[in-house]
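Asker:
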Amino acid sequence: MNGEPPSRLNLPIATFQIAFEAPDEFVGVDHIHGNRVRYRRVAAGTQP
């Protein structure tokens, strides 16, 4: 990272447990770092 190798204790990796909550939506939970993300498919042209 930035020309330096990553620390062995701080690797930039994440694994997520995936749960589908709807046909167009799922939630990913990273139990190691405590992160939770939600992805939802939206119509083309949708603005955040």
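In terms of this note's numbering, the sequence shown is residues 68 to 115. Where is the CB? At the ideal position from N, CA and C, for every residue including glycine.
For a test of the three-state rule: what should DSSP assign to Ile99, helix, strand or coil?
Answerer: Counted from its first residue, the sequence shown places residue 99 at position 32. Correct three-state label for Ile99: coil.
Asker: If you check the beta carbons only, do Gln84 and Gly70 fall under 8 Å apart?
Answerer: Taking the sequence shown and counting its residues from 1, one reaches residue 84 at position 17. Taking the sequence shown and counting its residues from 1, one reaches residue 70 at position 3. Going by C-beta atoms, Gln84 is not nearer than 8 Å to Gly70.
Asker: By alpha-carbon positions, which one of Ala89, Ala81 and Ile80 ends up nearest to Val109?
Answerer: Stepping through the sequence shown from its first residue, residue 109 is reached at position 42. Here the closest residue by C-alpha is Ala89.
Asker: Taking the Cβ atom as the reference point for each residue, do Tyr106 and Phe87 lie within a distance shorter than 8 Å?
Answerer: Numbered from 1 along the sequence shown, position 39 holds the residue referred to as residue 106. Numbered from 1 along the sequence shown, position 20 holds the residue referred to as residue 87. Contact flag unset, no.
Asker: From the DSSP secondary-structure annotation, give me the bridge partner or partners of Ile80.
Answerer: Taking the first residue of the sequence shown as position 1, residue 80 is located at position 13. Per DSSP, none; premise fails for Ile80.
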